[in-house]
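Protein chains in written order, with the numbering used here: chain A, 15 to 204; chain B, 3 to 162. Don't be surprised by glycine CBs; every beta carbon is placed ideally from N, CA and C.
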């Protein structure tokens with residue numbers, strides 16, 4: 015995580031955000047609250063650069079370069095530098111005594127996913143649920159989540175594109191995926 | 003503002019194989035500090051923000067304090083060092099908990115209440131593991147007042 019952003023490429027930023035999200039889900043499954051805010055801070059910091067890339071593409075390289083420098087400065091700050099080791103130590107320790115186990119965390123993640131009608135929030139919450147399922151070895155159900163997350167993502171991207179000709183088709187695919195995945199989510203939520 | 007200075011709960015002893023930063027709380031230390039947190043609750047201790055050093059024993063201690071917070075825990079490497087203006091700059095809100103280590107926790111109390119930068123070899127503030135001090139006032143060196151200093155045994159008694 016510390017060295018992952020050298021030139022600020024979109025791939026590096028994605029890798030950083032993905033690693034931070036995985037670590038956050040792992041902490042959640044283990045019942046830890048500590049360090050999750052720090053990981054959220056890291057994702058949001060990198061997310062500003064990602065949002066720029068989505069909105070501007072290759073345009074305005076000078077402004078992008080300034081954002082990259084800002085991100086690198088944040089990543090070199092003491093708070094980000096200490097995170098990887100602190101995380102590793104936390105992930106190796108026993109869960110806190112109040113932790114009810116990963117199944118209850120899965121239930122919580124599934125209920126949060128069912129608790130929104132906003133497609134963007136649904137996608138974010140399903141992504142967390144998918145990661146948790148993957149970490150627990152529930153790969154079949156994780157696959158169903160991956161499909162709906164991908165299709166919601168494509169529909170979301172098409173919504174941003176002016177005069178998209180495939181918007182309706184993308185929406186229908188996303189909806190079909192959700193219909194297949196919803197019973198799985200409800201099962202974990204119950 | 004209120005500042006709650008917390009020394010981490012009892013941790014395993016250092017060994018040649020175990021790096022200092024990786025020393026976890028002992029099971030008894032965890033259990034006793036969890037009881038002490040109930041004592042803090044009876045003192046109406048509530049935090050807008052909990053800052054903690056990145057060393058494992060401080061992270062675990064902060065985790066035990068989390069029920070008294072608003073869900074905002076933040077790692078602060080400054081808490082593994084001598085107190086500084088950089089640390090003060092992180093303290094946002096009306097009531098902030100700082101979870102750290104000796105000798106820095108007692109130095110922080112001396113610095114913020116009296117403006118001292120060092121306690122000398124004997125130390126003027128006794129901070130057992132799991133002890134908590136509460137300071138109140140303007141967040142500047144020499145401008146805060148010590149409102150209370152509770153050793154862990156007292157906090158556990160308050161919890162009953």
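At which residues does the beta strand (DSSP E) containing residue i begin and terminate?
{"i": "residue 8/B", "result": "4–9"}
{"i": "residue 75/B", "result": "75–77"}
{"i": "residue 101/B", "result": "97–102"}
{"i": "residue 147/B", "result": "146–152"}
How would you call residue i, buried or exposed, if buried means at least 16 neighbouring beta carbons within 10 angstroms?
{"i": "residue 128/B", "result": "exposed"}
{"i": "residue 42/A", "result": "buried"}
{"i": "residue 159/A", "result": "buried"}
{"i": "residue 151/A", "result": "exposed"}
{"i": "residue 89/B", "result": "buried"}
{"i": "residue 96/B", "result": "exposed"}
{"i": "residue 63/B", "result": "buried"}
{"i": "residue 155/A", "result": "buried"}
{"i": "residue 134/B", "result": "buried"}
{"i": "residue 108/B", "result": "buried"}
Do residue i and residue j have their C-beta atoms within less than 8 Å of each other?
{"i": "residue 51/A", "j": "residue 147/B", "result": "no"}
{"i": "residue 114/B", "j": "residue 143/B", "result": "yes"}
{"i": "residue 104/A", "j": "residue 48/A", "result": "yes"}
{"i": "residue 53/A", "j": "residue 37/A", "result": "yes"}
{"i": "residue 32/B", "j": "residue 66/B", "result": "yes"}
{"i": "residue 160/B", "j": "residue 74/B", "result": "no"}
{"i": "residue 78/B", "j": "residue 42/B", "result": "no"}
{"i": "residue 109/A", "j": "residue 35/A", "result": "no"}
List the whole-angstrom C-beta distance separating residue i from residue j, where the pair is believed to meet the contact cut-off of C-beta under 8 Å.
{"i": "residue 58/B", "j": "residue 24/B", "result": "5 Å"}
{"i": "residue 27/A", "j": "residue 60/A", "result": "5 Å"}
{"i": "residue 163/B", "j": "residue 158/B", "result": "This structure cannot speak to residue 163/B, because chain B is shown only from 3 to 162."}
{"i": "residue 56/B", "j": "residue 100/A", "result": "4 Å"}
{"i": "residue 127/A", "j": "residue 120/A", "result": "Incorrect: roughly 11 Å between the Cβ atoms, too far for contact."}
{"i": "residue 190/A", "j": "residue 163/A", "result": "About 14 Å separates the two Cβ atoms, so there is no contact after all."}
{"i": "residue 149/A", "j": "residue 39/A", "result": "7 Å"}
Output the boundary residues of the alpha helix (DSSP H) element that contains residue i.
{"i": "residue 195/A", "result": "181–203"}
{"i": "residue 89/B", "result": "87–92"}
{"i": "residue 145/A", "result": "133–149"}
{"i": "residue 66/A", "result": "50–70"}
* **the region 60–78 of chain B: positions lying closer than 8 Å to chain A by Cβ** => Shown in chain order are the members of the region 60–78 of chain B whose Cβ falls below 8 Å from a Cβ of chain A: 61, 62, 64, 65, 66, 68, 73, 74, 75, 76, 77, 78.
* Along the region 45–76 of chain A, what residues have a CB closer than 7 Å to any CB found in chain B? -> Of all residues in the region 45–76 of chain A, the ones placed with a Cβ closer than 7 Å to any Cβ belonging to chain B are 46, 47, 48, 49, 51, 52, in chain order.
* Chain-ordered residues of the region 82–98 of chain B with a beta carbon less than 8 Å from chain A -> Taking 8 Å as the Cβ-Cβ cut-off against chain A, none of the residues of the region 82–98 of chain B qualify.
* To do: Output, in sequence order along the chain, the residues in the region 77–101 of chain A whose CB is closer than 8 Å to any CB in chain B.
  => Taking 8 Å as the cut-off between beta carbons, the residues of the region 77–101 of chain A near chain B are 92, 93, 95, 96, 97, 99, 100, in sequence order.
* **Near-chain A residues of the region 4–28 of chain B (beta-carbon distance less than 8 Å), N- to C-terminal order** => Here the close residues are 23, 24, 26.
* To do: Please list the residues of the region 133–158 of chain B that have a C-beta atom closer than 9 Å to any C-beta atom in chain A, keeping them in chain order.
  => None of the residues of the region 133–158 of chain B has a beta carbon lying less than 9 Å from any beta carbon of chain A.
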